[in-house]
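A.B. asks: Per our numbering, the very first residue in the sequence shown carries number 808; after that it's consecutive.
For glycine and all other residues, C-beta sits at the position ideal for the given N, C-alpha and C.
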Amino acid sequence: MNQTAVVKSGAAVWPDAKRSAVALAFDLDGPTGDAMLKGTIWDKPEYFSLGAYGPWRALDRILGLLDTHGIPATFFTPAWVVQTWPEQCLRIVEQGHEIAHHGYKHEKYWDLTTARQRQVIDTSQRIFHDVLGTTAVGFRTPSGDWRPETPALLADMGFLYSSSMRGDDRPYFHPGGKLVEIPARSDMDDYASLAYTTNPDWPSGGDRIASYDLTLDNWTREFDGYHAEGLCLSTIFHPKVVGKPGRAALLDRWIRHMKAADGVWFSTCHDVAAWWQQTQQQTQQPTQQQAQPAKKEGRTNGEATAR
């Protein structure tokens, strides 16, 4: 692999002089989240089953699709899901994909003290080690935001990268120069077009499910733009959403479009971050995140999602 990278006019030359990078990423949330944290999910079997469909049924469909195309992916997975569906989660690792941190039960990190964040991460890493034989080097904050001190905590705990913020369409370094950020934007979140809830009504006042043709067109135009500028595209997909039969066929068509483009590097988030760290340490530029003063309390200026 060619270990030379150049950043010029916002574009990056990727490994083997590829034009752009695609790091497909899936949030394997299962039924974790607010309802589980509050305990109300145990009174809602139907709601539980909506989430359980992801690891129980849809994951195998996604893994089969990735195997067909011979491309890797990253699965940000709450450790409770690993505990509950160990065989399914082991298949992620056995098939050469990356599994990364996404909380224990999809906690909201902006609500947690630094000590509590550390405790959640320690618990999750222990479960990953015991069940999967590996620990995570990547992190995606559940529900889309964190506290200002979280990046320093992640770097201190040995994480290589985060894929949580929205401040660029290329990787960048958080202050301190250790933690790489791989932005994943809400444009590429399958919830935005393929999911809905009725209790509560979310998104309020929005269309329920977009046409599949329109969804494919949106994803295709985003990829075409990223590829033309030599950027790094990642996703916030969810097996319980995009892993249903018709949607998996939609994902298959999108992957075929990307593979037909000349010069795409398909990679895990881990490999993107490792590449960026190896090649860009001496050329890092100030970023939006670095330019903004940290807020002393509450949430950061990252664009949050509702999962």
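Below 8 Å on the Cβ atoms is my contact criterion, and I expect G1070 with S827 to pass it. Report the Cβ-Cβ distance as a whole number of Å.
C.D. replies: 7 Å
A.B. asks: Taking 7 Å as the limit between beta carbons, can you name the residues of its chain near K912, skipping five residues before and five after?
C.D. replies: T839, M843, L844, P885, W887
A.B. asks: Just the Cα atoms here: how many angstroms apart are S1074 and H908?
C.D. replies: 18 Å
A.B. asks: For a quick check, are the C-beta atoms of A859 and I906 less than 8 Å apart?
C.D. replies: no
A.B. asks: From D850 to D841, what distance separates their C-alpha atoms?
C.D. replies: 13 Å
A.B. asks: How is L1040 classed by DSSP in three states: helix, strand or coil?
C.D. replies: strand
A.B. asks: Does Y1003 pass the burial test, meaning 16 or more other C-beta atoms within 10 Å, or should it be called exposed?
C.D. replies: exposed
A.B. asks: Distance check for A962 and Y916, CA to CA, integer angstroms please.
C.D. replies: 16 Å
A.B. asks: Is it right to say E894 is buried, meaning 16 or more other beta carbons lie within 10 angstroms of its own, or is it exposed?
C.D. replies: exposed
A.B. asks: What is the C-beta distance between H989 and A880, in whole angstroms, given that I count them as a contact (C-beta under 8 Å)?
C.D. replies: One detail in the question is off: residue 989 reads as Ile in this sequence, not His. No, I989 and A880 are not in contact; Cβ-Cβ is about 13 Å, not under 8 Å.
A.B. asks: In the DSSP output, which residue or residues are listed as bridge partners for A830?
C.D. replies: S1041
A.B. asks: From this set, F883, E1036, Q932, which residue's C-alpha is nearest Y951's C-alpha?
C.D. replies: A small correction: the amino acid at residue 951 is Gly; Tyr does not occupy that position in the sequence shown. Measuring from the Cα of G951, the nearest candidate turns out to be F883.
A.B. asks: For a test of the three-state rule: what should DSSP assign to V821, helix, strand or coil?
C.D. replies: A quick correction: the sequence has Trp, not Val, at residue 821. Three-state DSSP puts W821 in coil, outside helix and strand.
A.B. asks: Got a sec? Which residues, its chain only, sit under 7 Å from I848 by beta carbon, not counting five neighbours each side?
C.D. replies: P838, A842, Y854, F855
A.B. asks: Which whole-angstrom value describes the C-beta separation of I869 and A1055, a residue pair presumed to lie in contact below a C-beta threshold of 8 Å?
C.D. replies: 7 Å
A.B. asks: Along the chain, where does the beta strand (DSSP E) containing F1073 start, and where does it finish?
C.D. replies: Residue range 1071 to 1073 is occupied by the beta strand (DSSP E) that includes F1073.
A.B. asks: Can you check the stretch 946 to 986 for any alpha helix (DSSP H) of at least 4 residues that lies completely inside it and give the ranges in chain order?
C.D. replies: 957 to 963
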